[in-house]
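0 is the number of the first residue of the sequence shown in numbering that gives the first Met the number 0; add one for each residue after it.
A virtual CB, placed ideally from N, CA and C, is assigned to each residue, including glycine.
Following: one structure in structure tokens, then a few remarks.
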Amino acid sequence: MEAKHNNRNSRRKFLKGFALSSAYLIAGGQFISATSIFSNRKNVVLRFAVGSDSHYGQPNTEFDQFITTFVSHINTFPKELPLDVCVLNGDLIHDKPELMLQLKPHVEK
Numbered sequence: 000m001e002a003k004h005n006n007r008n009s010r011r012k013f014l015k016g017f018a019l020s021s022a023y024l025i026a027g028g029q030f031i032s033a034t035s036i037f038s039n040r041k042n043v044v045l046r047f048a049v050g051s052d053s054h055y056g057q058p059n060t061e062f063d064q065f066i067t068t069f070v071s072h073i074n075t076f077p078k079e080l081p082l083d084v085c086v087l088n089g090d091l092i093h094d095k096p097e098l099m100l101q102l103k104p105h106v107e108k
């Protein structure tokens with residue numbers, strides 16, 4: 000069990016470092032702040048959102064409510080600041096491939 004936990008921490012540490020490094024490089028080697036991003040939002044070229052690991056169908060969770068809330072939040076973006084792309088990745092469903100057919104109508108809204 001310890002090895003699995005260490006792998007998870009190692010992966011998480013790598014992803015966090017990768018994300019921070021990528022943001023730094025994308026910003027032209029300058030540190031950026033939320034203030035600078037929001038003050039320049041008219042200059043944004045691409046706006047995107049990423050959702051991950053919904054585990055639709057996981058027992059003892061409110062998976063229907065979770066995905067409904069997620070889609071609702073994503074659909075509010077166009078009213079203020081339109082998104083160009085929304086990506087769902089990771090473990091979209093939990094254990095049973097047939098759950099993908101149940102999830103599909105939720106995310107097509």
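Pick helix, strand or coil for residue i, following the three-state DSSP scheme.
i, result
"G56", "coil"
What residue from the options has the CA that sits closest to residue i's CA?
i, options, result
"D52", "N42, F76, I66", "I66"
"S45", "K103, I73, D83", "Contrary to the premise, residue 45 reads as Leu rather than Ser in this sequence. The candidate whose alpha carbon is nearest that of L45 is D83."
"H54", "K108, E107, P96", "P96"
"C85", "Q101, K108, L100", "K108"
Classify residue i: buried if its beta carbon has 16 or more other beta carbons within 10 angstroms, exposed otherwise.
i, result
"L91", "buried"
"F47", "exposed"
"F157", "There is no way to answer for residue 157, as the model of the chain reaches only from 0 to 108."
"L80", "exposed"
Would a C-beta distance cut-off of 9 Å place residue i and residue j closer than the cut-off?
i, j, result
"N88", "V49", "yes"
"F62", "H93", "yes"
"G56", "L14", "no"
Terminal residues of the continuous beta strand (DSSP E) containing residue i?
i, result
"L87", "84-88"
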